[in-house]
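Trainee: Position 195, counted from 1, in the sequence shown is what numbering that gives the first Met the number 0 calls 194; the numbers after and before it change by one each time, with no gaps.
Note that the Cβ used here is the ideal one computed from N, Cα and C, for glycine as well.
Got a structure for you, questions after.
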Amino acid sequence: MSERSLSIGWDCDDVLIPFIYPAVEHYNLTYNADVDVAHFYDGPEHWGVDDLSIAAGRVQVYMRDKIVNSPQDFINPNPDAVEVVHSLSRVHRQFIITGRSDFMQPMTNEMVDTHFADKFYKIIHTNHFDEHISRTKGSVCLEESADVLVDDGLLHCESAVEEGEVEVALLLDEPWNRDRTLHPKIIRCANLWVVREEIQKIARS
Ligand SMILES: [Mg+2]
């Protein structure tokens with residue numbers, strides 16, 4: 000059966016490469032905190048601070064430290080992601096759309112050059128945590144005429160279907176994205192193999 004070639008936007012952290020679990024583990028050890036990964040995107044009370052900017056600053060310190068001391072943690076992706084992206088690249092156009100800040104660009108580029116060479120036609124950093132320069136993923140999906148967004152962030156999936164006009168947003172199931180009813184165009188996927196199946200279904204529709 001013939002498949003349509005789709006434009007697919009891929010989130011980076013916790014889709015292509017693990018981030019939240021190690022970041023929260025480090026945070027809890029370093030700041031004697033008890034943050035639950037389910038509340039990664041929630042208010043300061045879940046981070047044991049008065050202002051969320053304090054927690055965000057600490058996570059940024061963790062990331063900058065990792066760039067210097069263990070950059071491989073930002074370069075070695077989930078092996079399933081490598082396989083799925085490579086197999087989809089035979090039919091589809093793919094790009095990375097990450098909420099990461101611009102200072103992470105060298106890490107993102109190195110991961111792509113090492114493990115996804117020629118698989119992504121573009122890499123976009125939306126600076127999600129910097130309100131002065133951030134862009135919504137929906138606005139980028141619209142600009143790129145994306146058909147599908149793959150993301151673990153419910154907010155980003157909502158932005159992609161509402162503002163970005165994607166056909167479908169595929170939400171990778173995680174403890175931090177289970178607190179709201181899903182928009183009808185958002186499909187929860189248990190893992191990246193289910194993501195691939197859903198993309199193939201859309202391509203054949
Ligand atoms: Mg993510």
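1. State the start and end residues of the unbroken alpha helix (DSSP H) segment that holds residue 9.
2. Would you call the CB atoms of residue 71 and residue 84 closer than 8 angstroms?
3. What span of residues does the beta strand (DSSP E) with residue 150 cover, start to end?
4. When we look at the beta-carbon of residue 190 and count the other beta-carbons within 10 Å, is it buried (16 or more) or exposed?
5. Using alpha carbons as the reference points, say which of 160, 120, 119, 116 lies closest to residue 135.
6. Mind checking whether the beta-carbon of residue 79 lies closer than 7 angstroms to any heavy atom of ligand 1?
7. Tell me the DSSP bridge mates of residue 124?
8. Which class does residue 12 belong to by DSSP, given the choice of helix, strand or coil?
9. Would you check whether ligand 1 has a heavy atom nearer than 7 angstroms to the C-beta of residue 152?
10. Can you tell me whether residue 84 sits near ligand 1, meaning its C-beta is under 7 angstroms from at least one heavy atom of the ligand?
11. Quick one: what's got a C-beta closer than 7 angstroms to residue 132's C-beta in the same chain, skipping five residues either side?
12. Does DSSP classify residue 74 as helix, strand or coil?
Mentor: Here's the rundown:
1. Unbroken run through residue 9 is the beta strand (DSSP E), 6–9; no alpha helix (DSSP H).
2. no
3. Boundaries of the beta strand (DSSP E) harbouring residue 150: 147–150, taken from the DSSP string.
4. exposed
5. The shortest C-alpha to C-alpha distance from residue 135 to any of 160, 120, 119, 116 is the one to 160.
6. No; taking the cut-off as 7 angstroms, the Cβ of residue 79 has no heavy atom of ligand 1 nearer than that.
7. 97
8. In the three-state scheme derived from DSSP, where H, G and I count as helix and E and B as strand, residue 12 is classed as strand.
9. yes
10. no
11. 126
12. DSSP, read as helix, strand or coil, puts residue 74 in coil.
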